[in-house]
Amino acid sequence: MASLTSDLLNYIVFRYLQESGFLHSAFTFGHEARINKSTVDGNRVPFDALVKLVQKGIQYLELETNLSNVRQTF
Numbered sequence: 001m002a003s004l005t006s007d008l009l010n011y012i013v014f015r016y017l018q019e020s021g022f023l024h025s026a027f028t029f030g031h032e033a034r035i036n037k038s039t040v041d042g043n044r045v046p047f048d049a050l051v052k053l054v055q056k057g058i059q060y061l062e063l064e065t066n067l068s069n070v071r072q073t074f
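At position 47 of the sequence shown (counting the first as 1) the number is 47 in the UniProt record's numbering, and the numbers step up by one without a gap.
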């Protein structure tokens, strides 16, 4: 399982800003996060990665909540 490092998360946020048209914000964030020195291979980061990551997190939280409700009924 791949770990989510701060460098990878920064790159994913940077890409999200670019993909969403927030070019000035992407430039500023990229500069502050030193994206140009990142070891992340941008070709391996899929389009819409941040949105998909957040959606998966929400699904996980819903699953976790539903499982805890099921356990309480038994």
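Where a beta carbon is used, it is the ideal one built from N, C-alpha and C, also for glycine. Just so we're clear, the structure is a prediction, and the values are computed from it rather than from any experiment.
Presumed contact (8 Å Cβ cut-off) between residue i and residue j, rounded CB distance
i	j	result
V40	L8	5 Å
S25	L17	5 Å
Reduced DSSP secondary structure (H/G/I, E/B, other) of residue i
i	result
V51	helix
V45	coil
Check: Are there three or more Cβ pairs, one per stretch, closer than 8 Å when the segment 26 to 33 is compared with the segment 52 to 64?
Finding: Short answer: they don't touch.
Checklist entry - Taking the runs of the alpha helix (DSSP H) that are 4 residues or longer, which of them lie wholly in the segment 3 to 39? => result Those alpha helix (DSSP H) runs which fall completely within the segment 3 to 39 and span 4+ residues are 6 to 19 and 23 to 32.
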